[in-house]
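Inspection log for the structure reproduced underneath, given as structure tokens.
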Amino acid sequence: MVAVPGSHTGWTFITNHARVLAAIADNPNIRIRDIAAHCRLTERAVQRIISDLEQDGYLSHTREGRTNTYRVEPDKVLRHPAEAGLTVAALLSLLVRDETDRIGEPGSRSGPPAATGGTSQ
Numbered sequence: 034m035v036a037v038p039g040s041h042t043g044w045t046f047i048t049n050h051a052r053v054l055a056a057i058a059d060n061p062n063i064r065i066r067d068i069a070a071h072c073r074l075t076e077r078a079v080q081r082i083i084s085d086l087e088q089d090g091y092l093s094h095t096r097e098g099r100t101n102t103y104r105v106e107p108d109k110v111l112r113h114p115a116e117a118g119l120t121v122a123a124l125l126s127l128l129v130r131d132e133t134d135r136i137g138e139p140g141s142r143s144g145p146p147a148a149t150g151g152t153s154q
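So for the sequence shown, the working numbering puts the first residue at 34; every next one is plus one.
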């Protein structure tokens, strides 16, 4: 069983719902245990958050054997009036790291670090 690190005191910029949604968007086959460890939450808290997101149509899942495959609804509009018109896709573009950002990180799924060149975009 994966141990959940101690809780954080004080405020944060990102809600737990956004963290869970981003973890799922990053890996649609992620296990609840792994989401909990990544987001520093209990498995029960992750289950409640997933239930909230599914009830409001931000997320759905299909069961394949013992694995859940999640689907994020990218065109769904965010709930708060201050974010009127912003979609889940816009939020996730800020929260989910591109696979190229992971290259060379410890525990990366992407393989060895890429050589850096002098080109700019």
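In this text, a Cβ means the ideal position worked out from N, Cα and C, and glycines have one as well.
What whole-angstrom Cβ distance do residue i and residue j have, given they're in contact under 8 Å?
i      : j      : result
Glu106 : Gly90  : 6 Å
Leu124 : Leu111 : 6 Å
Pro78  : Val129 : Here residue 78 is Ala; the residue named in the question, Pro, does not match the sequence. So it is not a contact: roughly 20 Å between Cβ atoms.
Quick check on residue i: buried or exposed, where buried means 16 or more other Cβ atoms within 10 Å of its Cβ?
i      : result
Ala69  : buried
Gly151 : Residue placement at Gly151 cannot be trusted, given a pLDDT of 44 that sits under 50; what the coordinates show is reported in the next sentence. Its Cβ having fewer than 16 others within 10 Å, Gly151 is exposed.
Leu74  : buried
Leu92  : buried
>> For a minimum of 4 consecutive residues, which ranges assigned as the alpha helix (DSSP H) are wholly contained in the segment 39-121?
In response: 49-59, 65-72 and 76-88
>> Quick test of the definition: if touching needs 3 or more C-beta pairs under 8 Å, does the segment 74-83 touch the segment 46-55?
In response: yes
> Is it true that the segment 96-103 meets the segment 42-49, where meeting means three or more beta-carbon pairs spaced less than 8 Å apart?
Replying inline: no
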